[in-house]
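Visitor: Right, I'll just put the structure down here and ask away after.
In the working numbering, the protein residues as written are 6 to 120.
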């Protein structure tokens with residue numbers, strides 16, 4: 006490899022824009038938001054939150070439950086999915102009709118439903 010090629014590579018690396026691990030326009034996950042199925046556009050499945058740890062894990066309690074009895078012709082007993090969490094609102098699907106619902110993250114109350 007020539008000295009010129011190495012020099013050009015070093016100059017290019019110094020002048021190239023820095024690549025962020027977070028896409029522009031996407032808020033940080035630090036406040037608890039979960040904007041994508043896998044947490045972020047990179048699929049990290051990681052949250053930097055630290056409220057739950059080995060010391061307090063055994064003290065966790067259920068905050069609320071959401072029943073899907075009213076969404077479809079019969080109750081759905083096996084609800085599996087990863088809700089999105091944005092600014093305290095959880096977005097998910099429910100029932101056999103796969104209605105899209107928004108729930109208040111603190112109370113579990115329905116904010117809106119789209120059938």
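Glycine residues also receive a C-beta, built at the ideal position from the N, C-alpha and C atoms.
May I have the straight-line CA-CA distance separating residue 60 from residue 47, to the nearest angstrom?
Guide: For residue 60 and residue 47, the distance between alpha carbons rounds to 30 Å.
Visitor: Less than 9 Å between the beta carbons of residue 104 and residue 76, yes or no?
Guide: Cβ distance < 9 Å, so residue 104 and residue 76 count as in contact.
Visitor: For a quick check, are the C-beta atoms of residue 106 and residue 98 less than 9 Å apart?
Guide: Yes, the pair counts as a contact, with Cβ atoms nearer than the cut-off.
Visitor: Applying the criterion that 16 or more other CB atoms from any shown protein chain within 10 Å of the CB defines a buried residue, is residue 109 buried or exposed?
Guide: With fewer than 16 Cβ atoms within 10 Å of its Cβ, residue 109 is classed as exposed.
Visitor: Identify the continuous beta strand (DSSP E) that holds residue 108 and give its terminal residues.
Guide: That run of the beta strand (DSSP E) goes 104 to 109.
Visitor: Return the first residue and the last residue of the beta strand (DSSP E) that residue 82 is part of.
Guide: Unbroken run through residue 82: none, as it is neither H nor E.
Visitor: Between which two residues does the beta strand (DSSP E) carrying residue 51 extend?
Guide: Residue 51 -> no beta strand (DSSP E), and no H or E assigned at all.
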